[in-house]
Amino acid sequence: MLQKTRGIALSYIRYRETSIIARVYTEEFGLQSYIVNSVRTARSKNNKIALFQPLTLLEMVVYNKHDRDLHRLSEIKTSHPFQSLPFEVSKSTIAMFVTEMLNKVLKEEASSPVLFRFLVDSVLFLEEARTNYENFHLTFLLKLSFFLGFGPESAREFESQLRENSYPFLPDDEMDAALNSMLRQPYGTAIRISRSARNELLDALVAYYQIHIDSIGEVKSLPVLREVLG
Numbered sequence: 073m074l075q076k077t078r079g080i081a082l083s084y085i086r087y088r089e090t091s092i093i094a095r096v097y098t099e100e101f102g103l104q105s106y107i108v109n110s111v112r113t114a115r116s117k118n119n120k121i122a123l124f125q126p127l128t129l130l131e132m133v134v135y136n137k138h139d140r141d142l143h144r145l146s147e148i149k150t151s152h153p154f155q156s157l158p159f160e161v162s163k164s165t166i167a168m169f170v171t172e173m174l175n176k177v178l179k180e181e182a183s184s185p186v187l188f189r190f191l192v193d194s195v196l197f198l199e200e201a202r203t204n205y206e207n208f209h210l211t212f213l214l215k216l217s218f219f220l221g222f223g224p225e226s227a228r229e230f231e232s233q234l235r236e237n238s239y240p241f242l243p244d245d246e247m248d249a250a251l252n253s254m255l256r257q258p259y260g261t262a263i264r265i266s267r268s269a270r271n272e273l274l275d276a277l278v279a280y281y282q283i284h285i286d287s288i289g290e291v292k293s294l295p296v297l298r299e300v301l302g
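Position 1 (the sequence shown) corresponds to 73 in the numbering used here; numbering is contiguous.
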């Protein structure tokens with residue numbers, strides 16, 4: 073049965089000689105995997121594989137069967153062609169980190185339109201922002217944690233949970249103010265935080281996620297993100 077859905081590309085792996093298996097978080101079906109045929113050939117008449125780059129916003133017509141782990145695509149296109157996100161080093165590095173975290177925390181489960189809308193709005197902000205996005209990845213993780221069921225209500229609660237789990241996080245007043253602002257203010261809010269403090273908070277946020285989700289493990293994109301943004 074053909075069904076329409078919007079989606080957000082997360083990652084893909086090679087499948088056989090010319091195909092890929094793409095992981096997409098969809099509005100209608102939650103996290104799904106799709107076989108995409110004949111996209112890795114020199115004879116391919118289009119660049120369809122580019123549609124599966126991190127965080128690409130998709131419009132899809134799919135064959136969805138509830139008793140299968142792998143599904144097939146009938147039609148696919150991007151709903152919002154990117155002009156900056158894949159081409160600016162800072163933004164593409166953030167996108168790499170965000171997709172790695174989403175791959176770790178999103179599960180194959182029923183759809184969540186509210187979460188999907190949050191993710192789309194977040195991607196669109198990152199794509200369109202010209203300034204004040206250097207803290208996007210930090211704010212994103214804080215806001216996402218509420219959708220996952222463990223969002224802290226304040227900087228004090230965040231710090232308390234880390235200490236209870238023996239993580240050495242001792243922020244100063246500036247860090248507390250930055251944390252509370254990220255929790256309460258929208259993307260794009262100018263927040264005063266040093267490069268070293270940004271790195272410290274990033275490590276603390278990843279540790280916070282590891283406390284609540286056992287399967288996260290190592291985050292391979294962290295060293296690159298620290299180097300590019302700090």
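Ideal placement from N, C-alpha and C gives every residue a C-beta, glycine not left out.
Keep in mind it's a predicted model, so treat the numbers as computed, not measured.
Residue i in three-state terms, based on DSSP
i      : result
Phe200 : With the sequence shown as reference, residue 200 is identified as Glu, and Phe is not the correct amino acid for it. If DSSP states are grouped into helix, strand and coil, Glu200 belongs with the helices.
Glu131 : strand
Lys163 : helix
Ile121 : helix
Glu172 : helix
Arg144 : strand
Ser91  : strand
Leu242 : coil
Leu74  : strand
Ser253 : helix
Leu157 : coil
Asp139 : coil
Per DSSP, the bridge partner or partners of residue i
i      : result
His284 : Looking at the DSSP assignment, His284 forms no beta bridge with any residue, so it has no partner.
Tyr97  : Ile80, Leu103
Thr150 : Leu130
Val108 : Ile92
Thr86  : Position check: residue 86 holds Arg in this sequence, whereas Thr was assumed. Answer is Ile92, bridged to Arg86.
Any non-hydrogen atom of the ligand PLP closer than 6 Å to residue i Cβ
i     : result
Leu74 : You won't find the ligand PLP in this model; it holds no ligand whatsoever.
Distance between residue j and residue i (C-alpha atoms, nearest Å)
i      : j      : result
Pro240 : Asp275 : 11 Å
Tyr280 : Phe230 : 8 Å
Asn204 : Lys137 : 42 Å
Arg95  : Tyr106 : 7 Å
Val111 : Ile121 : 6 Å
Gly79  : Arg235 : 37 Å
Glu100 : Gln75  : 9 Å
Val195 : Leu127 : 7 Å
Ala81  : Gln125 : 7 Å
Val134 : Thr77  : 8 Å
Arg267 : Ile285 : 27 Å
Glu290 : Leu273 : 17 Å
Inset, instruction - Run through the segment 210-237 for me and flag every whole alpha helix (DSSP H) of 4 or more residues, listed as ranges in chain order. - result: Listed in chain order, they are 227-236.
Inset, instruction - Say whether the segment 186-193 touches the segment 247-256, bearing in mind that this needs 3 or more beta-carbon pairs closer than 8 Å, one atom from each stretch. - result: Verdict: no, contact absent.
Legend entry - At least 3 beta-carbon pairs within less than 8 Å: the segment 197-210 vs the segment 149-158: Yes, since at least three Cβ pairs between the segment 197-210 and the segment 149-158 fall closer than 8 Å, the two stretches touch.
Inset, instruction - Taking 8 Å as the threshold, find out whether the segment 241-248 comes into contact with the segment 206-224 through three or more Cβ pairs. - result: By the criterion of at least three beta-carbon pairs nearer than 8 Å, the segment 241-248 is not in contact with the segment 206-224.
Inset, instruction - Mind the definition here: the segment 142-153 touches the segment 174-186 only if three or more C-beta pairs lie below 8 Å; say whether that holds. - result: As far as the Cβ criterion goes, the segment 142-153 does not touch the segment 174-186, which means the pair count is below three.
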